[in-house]
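**Q**
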Amino acid sequence: MSYLDDKTPIPGTIMFDGTMSRKGYGLNKMCYSLNDQAARDEFASDEMAYCEKYGLTSGQKTAIKDRDIIGLLEQGGSIYFLAKFAGGLGLNMQDIGALQTGLSLEEFKEKLVRAGD
Amino acid sequence: MAKIIGGIGSSHIPAIGMAIARKIQKTPYWKSFFDGFPPIHEWLASEQPDIAIVFYNDHGLEFFLDKKPTFAIGAAAEYISYDEGWGIDTIPPVIGDEDLSWHICNELVEDEFDITICQELGIDHGLTVPMQLMWPGNTYGHMKVIPVVINCEQHPMPSPKRCFDLGRSIGKAVESYQKDLKVVVLGTGGLSHQLDGQRAGLINKEFDLMCMDKLVNQPQALLEYSIRDLTEIAGAQGVELNMWLAMRGTLTGQVTELHRNYHIPISNTGAGTMLLSNV
Ligand SMILES: [Fe+2]
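Structure (structure tokens):
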């Protein structure tokens, strides 16, 4: 039996398994392409046209437009590939953490510091 | 005969590479983290290993989801670090040891670890940050490196026990190599953290400290956890403990803790640093 057979949700966590990986394939492939500067330039010049090239769903395109990280995760985005999208916008992992948790950047950083108490 | 002289556990998060590039290691935020490394530098300087086997995970540089090996191992003459898309510095090429890589691969497959053998392998921060931490100023030119990549990005992921056993098999392979070489093994990543979801920012200090304690002489105690357990307890990226377990698996002799450091937070993580000798 696979550990993935336990479907009890882990709060605030999406298991990036086969179902999510299939759902997010085009989205993640688009983000993976952003490892290259030329692709980042092309993305920046017309985000939606670039998304179209990779066959993103309309929901995924909306989430890209809205910088909606949780929405992207729910639609199959993998955080490792989304990091390349977000990084290109100048967001680091703490910015992304703040966005996802609905905290301000300062509040999010404070929460991390408190984990050390 | 080749000999594994010790293991090092270390974080590999990109923010560390950014801090090194900006030369802010001595600022209040970073100091207690970087202060964990001089004892390791001294040990490396006195022990003079020839080879570093580095367990890490590829966060979407070399491997996309089209082909995602559970375990991959480098068998190249050199490894190049490439643009990861969000601005971390690349590092000069890392030199490989093809003969030892192939020896390890031959032994692993014989031992029923069916790894993916890579004659080209782009290296991301999972490997480049530890290289910069162990050999500041990129002074690793005298070292030969064997990268070992463990899937931590897409479920299903290999269990802690499987990763420990992979390490043990690599350890045996190294110790059966005929050349006189001193080998150090790096387990990189972790410790507890979660980057994605509403639970982003989770850190579990108590669990991390327990893991570091057990790693020294009771690693078996950590092999009961499933990947789901680790995700729940230590966060979605807490599964990077697997690389530390693989490192520990390679140490088959008398293991002694020579040094450790633990600091919260470094970026979004509990950052562990550990030096173990293997006699
Ligand atoms: Fe990592």
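The listed protein sequences derive, respectively, from chains A and B. For the first sequence, this note's numbering assigns the number 29 to the initial residue and increments by one for each residue that follows. For the second sequence, this note's numbering assigns the number 982 to the initial residue and increments by one for each residue that follows. By construction, the Cβ of each residue, glycine as well, lies at the ideal position given by its N, Cα and C atoms.
(1) Assuming the contact rule is C-beta atoms closer than 8 Å, V1263 (chain B) and L1167 (chain B) should be a hit. Round their C-beta distance to whole Å, please.
(2) Can you check whether the CB of L101 (chain A) is closer than 8 Å to the CB of G1178 (chain B)?
(3) On the premise that G998 (chain B) lies in contact with H1106 (chain B), defined as a C-beta separation below 8 Å, what is that separation, rounded to the nearest angstrom?
(4) Give, in chain order, every residue of the segment 1032–1053 of chain B whose Cβ lies closer than 7 Å to some Cβ of chain A.
(5) Cβ of L101 (chain A) less than 8 Å from any chain B Cβ?
(6) Distance, Cα to Cα, I1247 (chain B) vs N1223 (chain B)?
(7) For the beta strand (DSSP E) containing R1241 (chain B), list its first residue and its last residue.
(8) Which stretch, first to last residue, makes up the alpha helix (DSSP H) that contains K1142 (chain B)?
(9) At the level of alpha carbons, what is the spacing between S132 (chain A) and E138 (chain A)?
(10) In three-state DSSP terms, what is P995 (chain B)?
(11) Taking the alpha carbon of D1161 (chain B) as the point to measure from, which residue in B:H1244, B:K1012 and B:L1081 has its own alpha carbon closest?
(12) Who does F1052 (chain B) pair with in a DSSP beta bridge?
(13) Answer yes or no: does any C-beta atom of chain A fall closer than 8 Å to that of G1068 (chain B)?
(14) For K1186 (chain B), which residues in chain A fall below 8 Å Cβ to Cβ?
(15) Indicate whether at least one CB of chain A lies closer than 8 Å to the CB of N1249 (chain B).
(16) Excluding the 5 residues flanking Q103 (chain A) on each side, which residues of the same chain have their C-beta closer than 8 Å to its C-beta?
(17) Comparing the C-beta of R92 (chain A) with each C-beta of chain B, is any distance below 8 Å?
(18) Considering L127 (chain A), what are the terminal residues of the alpha helix (DSSP H) in which it resides?
(19) Which residues does DSSP list as the beta-bridge partners of S1062 (chain B)?
(20) How would you call D1095 (chain B), buried or exposed, if buried means at least 16 neighbouring beta carbons within 10 angstroms?
(21) Where does S146 (chain A) fall in DSSP's three states?
(22) So does E1148 (chain B) have its beta carbon nearer than 7 Å to some heavy atom of ligand 1?
(23) So if I threshold CB-CB distances at 9 Å, which residues from the segment 1183–1208 of chain B count as touching chain A?
(24) So with Cβ pairs under 8 Å, would you call H1136 (chain B) a contact of chain A?
(25) Residues of chain A with CB under 7 Å from P1246 (chain B), in chain order?
(26) Using a Cβ-Cβ distance under 8 Å, would T85 (chain A) count as near chain B?
(27) Any contact of the segment 1049–1057 of chain B with the segment 1128–1146 of chain B, i.e. 3+ C-beta pairs under 8 Å?
(28) Specify, as a first and last residue, the run of the beta strand (DSSP E) that S1258 (chain B) falls within.
(29) So, does the CB of Q1261 (chain B) fall closer than 8 Å to a CB anywhere in chain A?
(30) Tell me V1164 (chain B)'s beta-bridge partners as DSSP assigns them.
(31) Have a look at A:D145, A:A67, A:R142 and A:L32 and flag the residue whose alpha-carbon is nearest the alpha-carbon of F113 (chain A).
(32) Kindly list, in the order they appear in chain A, the residues whose Cβ is closer than 7 Å to that of A1000 (chain B).
(33) Can the beta-carbon of I1072 (chain B) be found less than 8 Å from the beta-carbon of M1112 (chain B)?
(34) Please list, in chain order, all residues of the same chain as L1172 (chain B) whose beta carbon is under 6 Å from its beta carbon, the five residues on each side excluded.
(35) Let me check you understand the geometry: is the CB of G1107 (chain B) closer than 7 Å to at least one non-hydrogen atom of ligand 1?
(36) What separation, rounded to the nearest whole angstrom, lies between the Cα atoms of D1031 (chain B) and T36 (chain A)?
**A** So, from the listed chains and residues:
(1) Here chain B covers residues 982 to 1260 and nothing more, so residue 1263 (chain B) does not appear.
(2) Taking the second sequence and counting its residues from 1, one reaches residue 1178 (chain B) at position 197. Taking the first sequence and counting its residues from 1, one reaches residue 101 (chain A) at position 73. Closer than 8 Å, so yes.
(3) Here residue 1106 (chain B) corresponds to residue number 125 of the second sequence, with the count starting at 1. Here residue 998 (chain B) corresponds to residue number 17 of the second sequence, with the count starting at 1. Correct: roughly 6 Å between the Cβ atoms.
(4) H1040, G1041, L1042, F1045 and L1046
(5) Reading the first sequence from its first residue, position 73 is the one you call residue 101 (chain A). Yes, its Cβ sits closer than 8 Å to a Cβ of chain B.
(6) Taking the first residue of the second sequence as position 1, residue 1247 (chain B) is located at position 266. Taking the first residue of the second sequence as position 1, residue 1223 (chain B) is located at position 242. Going by the C-alpha atoms only, they are around 20 Å apart.
(7) Numbered from its first residue, the second sequence carries residue 1241 (chain B) at position 260. From DSSP, the beta strand (DSSP E) with R1241 (chain B) extends over V1236 to I1247.
(8) Numbered from 1 along the second sequence, position 161 holds the residue referred to as residue 1142 (chain B). Counting along the chain, the alpha helix (DSSP H) containing K1142 (chain B) begins and ends at P1141 to E1156.
(9) Within the first sequence, numbered from 1, the residue matching residue 132 (chain A) stands at position 104. Within the first sequence, numbered from 1, the residue matching residue 138 (chain A) stands at position 110. One C-alpha to the other measures close to 10 Å.
(10) Position 14 of the second sequence, counting from 1, holds the residue named residue 995 (chain B). Three-state DSSP puts P995 (chain B) in a helix.
(11) Taking the first residue of the second sequence as 1, we reach residue 1161 (chain B) at position 180. Cα-wise, what sits closest to D1161 (chain B) is B:L1081.
(12) Counting from one through the second sequence, the residue named residue 1052 (chain B) turns up at place 71. According to DSSP, F1052 (chain B) bridges with B:I1131.
(13) Residue 1068 (chain B) sits at position 87 when you count from the first residue of the second sequence. Taking Cβ atoms only, chain A reaches closer than 8 Å to G1068 (chain B), which makes this a yes.
(14) Counting from 1 along the second sequence, the entry for residue 1186 (chain B) is found at position 205. Within 8 Å Cβ-Cβ: A143 and G144.
(15) Working through the second sequence from its first residue, we reach residue 1249 (chain B) at position 268. Judged by the 8 Å Cβ criterion, N1249 (chain B) is in contact with chain A.
(16) Numbered from its first residue, the first sequence carries residue 103 (chain A) at position 75. Excluding residues within five positions, the ones whose Cβ falls inside 8 Å are K51, G52, L55, T85, G87, Q88 and A91.
(17) Within the first sequence, the letter at position 64 stands for residue 92 (chain A). The question names Arg, yet the displayed sequence has Ile at residue 92 (chain A). It does not: the Cβ of I92 (chain A) has no partner Cβ on chain B nearer than 8 Å.
(18) Taking the first residue of the first sequence as position 1, residue 127 (chain A) is located at position 99. Note, L127 (chain A): alpha helix (DSSP H), M121 to T129.
(19) One-based indexing of the second sequence puts residue 1062 (chain B) at position 81. Its beta-bridge partners are B:I1104.
(20) Here residue 1095 (chain B) corresponds to residue number 114 of the second sequence, with the count starting at 1. That one is exposed.
(21) Residue 146 (chain A) lies beyond the residue range present for chain A, which begins at 29 and ends at 145; the question has no answer from this structure.
(22) Stepping through the second sequence from its first residue, residue 1148 (chain B) is reached at position 167. Correcting the residue type first, residue 1148 (chain B) is Gly in the shown sequence and not Glu. Result no, Cβ not under 7 Å from ligand 1.
(23) L1183, I1184, N1185, K1186, S1207 and I1208
(24) As a first step, residue 1136 (chain B) is located in the second sequence; it is residue number 155 there, counting from the start. True, the Cβ-Cβ gap to chain A drops below 8 Å.
(25) Here residue 1246 (chain B) corresponds to residue number 265 of the second sequence, with the count starting at 1. Neighbours of P1246 (chain B) on chain A, chain order: L140, V141, A143 and G144.
(26) Taking the first residue of the first sequence as position 1, residue 85 (chain A) is located at position 57. So, not an interface residue.
(27) yes
(28) By 1-based counting over the second sequence, the position of residue 1258 (chain B) is 277. It spans T1250 to N1259 - the beta strand (DSSP E) in which S1258 (chain B) sits, taken as one unbroken run.
(29) Past the boundaries of the shown model lies residue 1261 (chain B); chain B is included only from 982 to 1260, so the question cannot be answered.
(30) The count along the second sequence starts at 1 and reaches residue 1164 (chain B) at position 183. B:I985 and B:I1032, per the DSSP bridge assignment.
(31) Residue mapping note: residue 113 (chain A) aligns to position 85 of the first sequence, counting from 1. Nearest of A:D145, A:A67, A:R142 and A:L32 to F113 (chain A), Cα basis: A:A67.
(32) Taking the second sequence and counting its residues from 1, one reaches residue 1000 (chain B) at position 19. Simply none; closest approach about 12 Å.
(33) For the purposes of this step, residue 1072 (chain B) is taken as residue 91 along the second sequence, with counting starting at 1. For the purposes of this step, residue 1112 (chain B) is taken as residue 131 along the second sequence, with counting starting at 1. In this structure, M1112 (chain B) lies closer than 8 Å to I1072 (chain B) by Cβ.
(34) Looking up residue 1172 (chain B) in the second sequence gives position 191. Cβ neighbours of L1172 (chain B) beyond the five flanking positions: D1189, G1251 and G1253.
(35) Position 126 of the second sequence, counting from 1, holds the residue named residue 1107 (chain B). Yes; taking the cut-off as 7 Å, the Cβ of G1107 (chain B) has a heavy atom of ligand 1 nearer than that.
(36) By one-based count along the second sequence, residue 1031 (chain B) stands at place 50. By one-based count along the first sequence, residue 36 (chain A) stands at place 8. The straight-line gap from Cα to Cα measures roughly 47 Å.
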